[in-house]
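In this note's numbering, the protein residues as written are 11 to 525.
All residues carry an ideal CB built from backbone N, CA and C; glycine is no exception.
In this text the structure is predicted, and so the values were computed from the model without any measurement.
This report concerns only the one structure given below.
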Ligand code: HXC
C-alpha cells in the first residue's frame, strides 16, 4: 500500500535529521572543543537570520570511490545554498569537518560547483567556508578532478561576481588554490591553517621543524605571506567583517555599490593630522577617516605591507577604494609587497566599478639589493599597470612628498588620474632636496670654501625651486592646489561629477600584466 502524505513527510523529516547530524555527536564535540562552530551555524551567523535555503541536502558520496568510501552521509560533507545579507541574495557553501574531515570527494565538489554556477548565472556573490583535510584520499583522481573544476570556475567568475573565501579550519594541499583565486580571504586566529604541505612532510623532506601555526596560521598569512586579507580573533568577529565588506562592494561587475545616506566625518582637522616637516611620520588612516562618512574605513590587508594602506570607505554615501602611502611605516615607501597589495586592490576596484581615491606621501620605491633581487622591477610595475588599466573614476590627492617613480606610480595624471589635487605642502620632484642637491651641485659643493654652507644653500635653492606643487601645476600635471580643509569636499565633488565616466579600452583579448 502506498504511504500517506503524512508518512512521506515523516520520512523526509528523518532524512533531514540525518543530514543535520553531520558526522555525529562526537565529531561535533571535537569541533566545538577547539572553538569552532559547525558548518550550519557558520552559515546562519553570516546570513540574515532565517534566510538560508539549502540545496542538495541529500547528495551522497560518489559511487566512483573505488569501493573505498566507508561512510555515505547525506550532504557529503558540504552544505550549500542561498541566503541574504542585509536583504541582498548571496550563494554560500560550508565544508563540514565532522564528515570525513570535510575532505573533498567527487559529489562534494559537484555540490560546490553547482552553487558556484548558480552564483555566476544569477550574478551574486559566492562565499566559501573552507574547513577540510583536502582531496578525499579514497576517491583518488575523482577528488583531484573536483578541485580542478572548482579552480576553473573561480577563474571564470573572477571579476564578474565577488568571491569570498573564509578559512575556518585546515585548508591543506591543493585546496589552498581555490581561496588564492578568489577576491578576499578571511582568517581567524588559532583556527585557520593553510599550507601546501604540512609540518610532517616538511620535516621528512627538509628536516625542518615548524608548527602548523607558524607554517600557515592566520597571523602568518595575514602578516607575512599576504594570502589573507582580513584577520580576526574569533569566528563571530570574522562574520561581522564579511557582512561589512559586502556593504561596500557591488553584487556583480554590471552593478555599482549601493549608495548610503551621506554622513559627515567625525573629525576633519587635516592640518593637525599631517606635520608640515616632510620627514615627520603620521598615521595616514587618520587622514582617510577625516574624509570618509562617519569616519568609517574598512581596511584590507591591514597587517600585510603596512607601508601602504588600502581599503573601503564612503564619501557622501558613495563607496570608494582608498590607496594611500603610510608615512608611519618605512616613510610610506613602495616595496615589493606594497606594490602587490596596491595593484591587486586597484584591479579589484576597477573590475567592480568602485572609484579610486589615492593619497600620496612617499619618498619613492625602496632602494637596496634585497628589493632589487626580490623583483621590485617586476612587482613595482604592477601598480603602473593597474592604475593605467583602470577606467573607474580616479582621484588623487598629493599631500606632501611625491618623489620620482613614486610620484608617477601613485595615480599621477600621466597614468590618467581624472583629478589630481595637491596640498600647498606638496613636494613634487625627481627626488628629495638633500639627495638632489648633492648630485647636481656636487662640483660646486666640493670646490666651495665652506662645503657645508654651500650644501645648505644649494639644498635651500633646490627646495625653493622644485619642492612645491607649483612646478607640476604650471604644466597642468596638478589640476588644483587646494586648501587641505577642503579635501573631503573636493573628493566628494570629483566623485559626484564622475558618476557617468566612460572610457573605452582598445579591443584585445587581454593584457599581460607583470605578474
Ligand atoms: C580522507 C580525511 C582526509 C582526507 C582527514 N580525513 N583528511 N579523509 N581524505 N584528505 C579524515 C580522517 O581520516 C579522520 O577520519 C577525519 O577526517 C578527521 O581527521 P583527523 O586527522 O582526525 O583530524 P585532525 O587531527 O584535526 O587533523 C586534521 C588534518 C589531518 C591536519 C587536516 O586530517 C590531515 O593531515 N589530513 C590530510 C591532509 C592532507 O595531506 N591533505 C592533502 C590531500 S592531497 P576518522 O574516520 O578517523 O574520523 C590534496 C591534493 C589536491 O589535497 C590537489 C589539488 C590541486
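Among the candidates the options, whose CA atom is the shortest distance from the CA of residue i?
i           : options            : result
residue 340 : 317, 293, 352, 382 : 317
residue 331 : 227, 233, 257      : 257
residue 350 : 129, 518, 170, 523 : 523
residue 364 : 428, 456, 260      : 260
residue 251 : 119, 176, 408      : 176
residue 59  : 215, 232, 464, 249 : 249
residue 263 : 130, 391, 285      : 130
residue 481 : 61, 510, 432, 281  : 432
residue 322 : 51, 301, 280       : 301
residue 114 : 62, 166, 47, 184   : 184
residue 8   : 465, 515, 419, 230 : With the chain covering 11 to 525 only, the question about residue 8 has no answer from this structure.
residue 378 : 284, 21, 281, 346  : 346
residue 215 : 207, 221, 222      : 207
residue 267 : 199, 362, 298, 313 : 362
residue 295 : 287, 277, 169      : 277
residue 42  : 218, 230, 179, 387 : 179
residue 186 : 172, 157, 165, 200 : 157
residue 473 : 291, 458, 448      : 448
residue 85  : 25, 453, 439       : 25
residue 315 : 440, 19, 336, 226  : 336
residue 412 : 434, 174, 29       : 434
residue 51  : 97, 105, 16        : 105
residue 212 : 226, 145, 493, 200 : 226
residue 283 : 507, 96, 494       : 494
If we call anything under 7 angstroms between Cβ atoms a contact, is residue i one with residue j?
i           : j           : result
residue 109 : residue 147 : no
residue 94  : residue 121 : no
residue 348 : residue 293 : no
residue 400 : residue 360 : yes
residue 163 : residue 126 : yes
residue 407 : residue 488 : no
residue 194 : residue 239 : yes
residue 342 : residue 371 : yes
residue 140 : residue 181 : yes
residue 100 : residue 132 : no
residue 437 : residue 490 : no
residue 325 : residue 505 : yes
residue 71  : residue 11  : no
residue 385 : residue 375 : no
residue 228 : residue 198 : yes
residue 150 : residue 112 : no
residue 137 : residue 102 : yes
residue 48  : residue 56  : no
residue 393 : residue 353 : yes
residue 452 : residue 396 : no
residue 344 : residue 233 : no
Using 10 angstroms around the beta-carbon of residue i, count the other beta-carbons present and answer buried if the total reaches 16, otherwise exposed.
i           : result
residue 526 : Any property of residue 526 remains undetermined from this structure, which presents the chain solely from 11 to 525.
residue 274 : exposed
residue 367 : buried
residue 289 : exposed
residue 14  : exposed
residue 409 : buried
residue 461 : exposed
residue 404 : buried
residue 271 : exposed
residue 455 : buried
residue 485 : exposed
residue 66  : buried
residue 425 : buried
residue 235 : exposed
residue 427 : buried
residue 382 : exposed
residue 18  : exposed
residue 22  : exposed
residue 44  : exposed
Quick check: is any heavy atom of the ligand HXC less than 6 angstroms from the C-beta of residue i?
i           : result
residue 533 : Shown here, the chain extends from 11 to 525; a query on residue 533 therefore has no answer.
residue 226 : no
residue 83  : no
residue 180 : yes
residue 197 : no
residue 110 : yes
residue 116 : no
residue 259 : no
residue 155 : no
residue 147 : yes
residue 143 : yes
residue 183 : yes
residue 113 : yes
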